[in-house]
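By the count of my numbering, the sequence shown reaches residue 637 at its end, each step adding exactly one. The next block holds one structure in the form of structure tokens; read it before the comments.
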Amino acid sequence: MTQSAAAPVHPVDERLPLPKLFTLGLQHVLVMYAGAVAVPLIVGGALHMSVDQVAFLINADLFACGIATLIQTLGLWIFGLRLPIMMGVTFTAVTPMIAIGTNPDLGLLDVYGATIASGLIGILMAPLIGKLLRLFPPVVTGTVITVIGISLMGVGINWAAGGFGNPDYGNPLYLGVSFAVLLCILFITKYVRGFFANIAVLLGILFGTIVAMALGKVSFAGVSDAPWFGFVMPFHFGVPRFDPVAIATMTLVMLVTFIESTGMFLAVGDIVGRPVDRKTLVRGLRVDGLGTMIGGIFNTFPYTSFSQNVGLVGVTGVKSRWVCAMGGLILIALGLFPKVAHVVASVPQFVLGGAGIVMFGMVTATGVKILSTVDLSKNRYNLYIIAISIGVGMIPVASDKFFMKLPHALAPFFHSGILLASISAVLLNAHFNGLRSEAEASALAQAAGKQADAAH
182 MTQSAAAPVH PVDERLPLPK LFTLGLQHVL VMYAGAVAVP LIVGGALHMS VDQVAFLINA
242 DLFACGIATL IQTLGLWIFG LRLPIMMGVT FTAVTPMIAI GTNPDLGLLD VYGATIASGL
302 IGILMAPLIG KLLRLFPPVV TGTVITVIGI SLMGVGINWA AGGFGNPDYG NPLYLGVSFA
362 VLLCILFITK YVRGFFANIA VLLGILFGTI VAMALGKVSF AGVSDAPWFG FVMPFHFGVP
422 RFDPVAIATM TLVMLVTFIE STGMFLAVGD IVGRPVDRKT LVRGLRVDGL GTMIGGIFNT
482 FPYTSFSQNV GLVGVTGVKS RWVCAMGGLI LIALGLFPKV AHVVASVPQF VLGGAGIVMF
542 GMVTATGVKI LSTVDLSKNR YNLYIIAISI GVGMIPVASD KFFMKLPHAL APFFHSGILL
602 ASISAVLLNA HFNGLRSEAE ASALAQAAGK QADAAH
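Now the structure itself:
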């Protein structure tokens, strides 16, 4: 046998037997599924979209998730990390998208226009990320992610009460089912191990849906009329509009997503034993931008790497990128079945409430976990950075009329807590702590990525 023939294949490039590949790929899909469909449900509900429209958003989301995952794992030209990464819609974008979509002067088409534009800007900006990392040490990223989680908690709490616009809002039955879902998730997390523990949120939602069905609170109207198979068409809701302020808002979201992804990419490189260098990092970040562009074109939202799947790679020890590529194919297939999406869209909001409190609380916990790496004892300035930035970020949450006297054109800017918190944290950190070197910033991003991964 020749030396080249005997050379072992790196675990990242290992091609497993098809049955095992499919099973492991399906596991990755199940782990991310609840998070993947949560954003369309949140945004669709906030924009008062019909069940049919929300179902379409879910189909489009899964379809675009699959495409972005394939590009990230297999590579395409200058795109792709070529590591086991699953791509999904980022929660970072939820609050600003809702602010843009509910702005009387803007709407859903402006969300898609800003998504496409920010994705393109992200592709162009990817090679500069080493310099931009200096603006986002853990004290900044941890603060921003904490604000994202706190902002989203209101969504989960209102879901638990039945959802905005529900004439029976606050019904004790809704609260009881939501609490039961929360208890179910906690029970599975505490007492179940292995695969089922990884899909605790999904199992909790399934349990809550069954309970709601038994109580006669689930309507599957429209499911029977939905086709079994259907293509996701680009620009389904119309031609996107490109509002400058909305684009600026989503571009900042893109930048924050880059910081999150950088930490995840560096962490997964360590997990699989293939360290991520600068060139590889740029290829991976370009997929965040390209995936976001694809998302806007196919009527969905910005994309990033899913941290729970990074954690799954570490838990299972299976490092093959082909497993995640199979997961991408499964996501594309799921995106082509409207009937399945209608079933998911029919899940009552009060069922999602219990799961939402867990999911959004975990986002907050991730931010706190990152902040735990920050020096708060010797550097008292960091306390001011965190306190003021969280306070500023909470303004739109605490008082939606705080900025009502300002020009309407600035509404997406001032109504986005994440944007306000990001600007505040970046400026205060630069003022108090100065800017770090690129090498030190990369090391801190890697540490923050591991902390975020551990939180999931």
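Each residue gets a CB set at the ideal place from its N, CA and C atoms; glycine is no exception. Keep in mind the model is a prediction, meaning the values are calculated, not measured.
Checklist entry - Mind checking residue 464: buried by the 16 CB within 10 Å criterion, or exposed? => result buried
Checklist entry - From residue 184 to residue 195, what distance separates their C-alpha atoms? => result Legend: pLDDT at residue 184 = 49, less than 50; position of this residue unreliable, value from coordinates given subsequently. Approximately 18 Å, taken between the alpha carbons.
Checklist entry - DSSP on residue 485, reduced to helix/strand/coil? => result strand
Checklist entry - Between the region 524-541 and the region 416-430, do three or more beta carbon pairs fall short of 8 Å? => result no
Item to check | Residue closest to residue 283, alpha-carbon to alpha-carbon, out of 320, 300, 226 | outcome: 226
Checklist entry - What residue does the alpha helix (DSSP H) around residue 572 start on, and which one ends it? => result 562-574
Checklist entry - Helix, strand or coil: which one does DSSP assign to residue 268? => result strand
Checklist entry - Which residues bound the alpha helix (DSSP H) around residue 242? => result 232-255
Checklist entry - In chain order, what residues of the same chain have a beta carbon less than 7 Å from the beta carbon of residue 399, not counting five sequence neighbours either side? => result 390, 393, 527, 529
Item to check | From 316, 317, 228, 238, residue whose alpha carbon lies closest to that of residue 288 | outcome: 228
Checklist entry - If you count every other CB in all the chains shown that lies within 10 Å of the CB of residue 209, and 16 or more means buried, which is it? => result buried
Checklist entry - So, residue 328 versus residue 555, is the Cβ gap smaller than 8 Å? => result no
Item to check | Cβ pair count under 8 Å reaching 3, the region 290-303 against the region 533-549 | outcome: no
Item to check | Among 600, 213, 568, the one whose alpha carbon lies nearest that of residue 381 | outcome: 213
Checklist entry - What did DSSP end up calling residue 203 once you bin it into helix, strand or coil? => result helix
Checklist entry - Which term fits residue 377, buried or exposed, when burial requires 16 or more other beta carbons within 10 angstroms of its beta carbon? => result exposed
Next on the checklist: Let me confirm a value: residue 408 is counted as buried when at least 16 other C-beta atoms fall within 10 Å, else exposed. Which label applies?
Outcome noted: exposed
Item to check | Stretch-stretch touch, CB-based, cutoff 8 Å, three pairs: the region 358-371 with the region 567-586 | outcome: no
Checklist entry - Would residue 193 pass as a contact of residue 265 if the rule is Cβ separation under 8 Å? => result yes
Checklist entry - Hey, residue 247 and residue 516 are a contact pair by Cβ (cut 8 Å); roughly how many whole angstroms apart? => result 6 Å
Next on the checklist: Would the region 467-474 count as touching the region 253-267 if we require 3 or more Cβ pairs under 8 Å?
Outcome noted: yes
Item to check | Enclosing alpha helix (DSSP H) for residue 475 [first to last residue] | outcome: 459-478
Item to check | Nearest to residue 387 (by Cα), restricted to the options 204, 365, 375 | outcome: 365
Checklist entry - What first and last residue would you give for the alpha helix (DSSP H) that runs through residue 554? => result Note, residue 554: premise wrong, no alpha helix (DSSP H); not H, not E.
Next on the checklist: So, at 8 Å on beta carbons, what are the nonlocal neighbours of residue 520 in its own chain, with the 5 sequence-adjacent residues on each side left out?
Outcome noted: 404, 407, 408, 409
Checklist entry - Assuming residue 238 and residue 504 make a contact with CB atoms under 8 Å, what is their CB distance in whole Å? => result Not a contact, Cβ separation roughly 27 Å.
Next on the checklist: Give me, in chain order, the residues of the same chain whose beta-carbon lies closer than 7 Å to that of residue 573; leave out the 5 immediate sequence neighbours on both sides.
Outcome noted: 601, 602, 605
Item to check | Nearest-angstrom beta carbon gap, residue 276 and residue 508 [assumed within contact, 8 Å] | outcome: Actually they do not touch by this definition, with Cβ atoms about 28 Å apart.
Item to check | Buried versus exposed, by CB contacts within 10 Å (16 or more), residue 583 | outcome: exposed
Checklist entry - So, is residue 345 buried or exposed, given that buried needs 16 or more other C-beta atoms within 10 angstroms? => result exposed
Item to check | Neighbour-count burial assignment, residue 245, 16 or more Cβ in a 10 Å radius | outcome: buried
Item to check | Classification of residue 550 by the beta-carbon crowding that lies within 10 angstroms, buried from 16 upward | outcome: buried
Next on the checklist: Using only CA atoms, which one of 318, 224, 257, 279 lies nearest to residue 616?
Outcome noted: 318
Checklist entry - Considering only C-alpha positions, which residue in the set 538, 613, 476, 373 is nearest to residue 337? => result 538
Checklist entry - If you draw a straight line from the alpha carbon of residue 235 to that of residue 452, how long is it in whole angstroms? => result 36 Å
Next on the checklist: With H, G and I counted as helix, E and B as strand and the rest as coil, what does DSSP make of residue 613?
Outcome noted: helix
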